[in-house]
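Numbering (the numbering used here), first residue to last: 1387 to 1518.
Please read the structure below before turning to the comments.
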């Protein structure tokens, strides 16, 4: 288990400004704040080849998005079974930080479903999926 601070200091899955949106992108927001998580996925042979995020919000929001992308890209179990509590436990998030975990999971799963819905065809899309 890593700490939130350690994750924040090494955000590895952040998408650069010059990186194009990939095959499936989804966004999750929360009405309680201006926080937003956007996750983009690229696929190869039916599996996730690359997962990147953009996020605006608290350090917990950025760290949750980073963790979710790492989980997806490094062959974590089926992303559709991922729960916000998995993210919260991995990052030792406080209960008040749970919306960050929810947004990361919602964005990741929505991007994955988006890719499934189009039958793995190459495309670029962006979709706002949920409000936590």
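All residues carry an ideal CB built from backbone N, CA and C; glycine is no exception.
- Shown here for residue 1393: same chain residues with a beta carbon closer than 7 Å to its own, the five before and five after excluded, namely 1449, 1452, 1453 and 1477 in chain order.
- Note that the C-beta distance between residue 1483 and residue 1446 is below 9 Å.
- Under the three-state reduction of DSSP, residue 1424 is assigned to strand.
- Taking 9 Å as the cut-off, the beta carbon of residue 1458 is found no closer than this to the beta carbon of residue 1471.
- Collapsing the DSSP output to three states places residue 1391 in a helix.
- Within the same chain, no residue comes within 8 Å of residue 1502 by CB-CB distance, once the 5 residues on both sides are set aside.
- When C-alpha distances from residue 1440 are compared across 1498, 1490, 1504 and 1500, the shortest belongs to 1490.
- Within the stretch 1422-1457, the beta strand (DSSP E) runs of at least 3 residues that lie entirely inside it are, in chain order, 1422-1430 and 1433-1442.
- Residue 1396 has no beta-bridge partner at all, per DSSP.
- Here residue 1416 carries a coil assignment [DSSP, helix/strand/coil].
- Residue state for residue 1410 is assigned as strand, using DSSP reduced to three classes.
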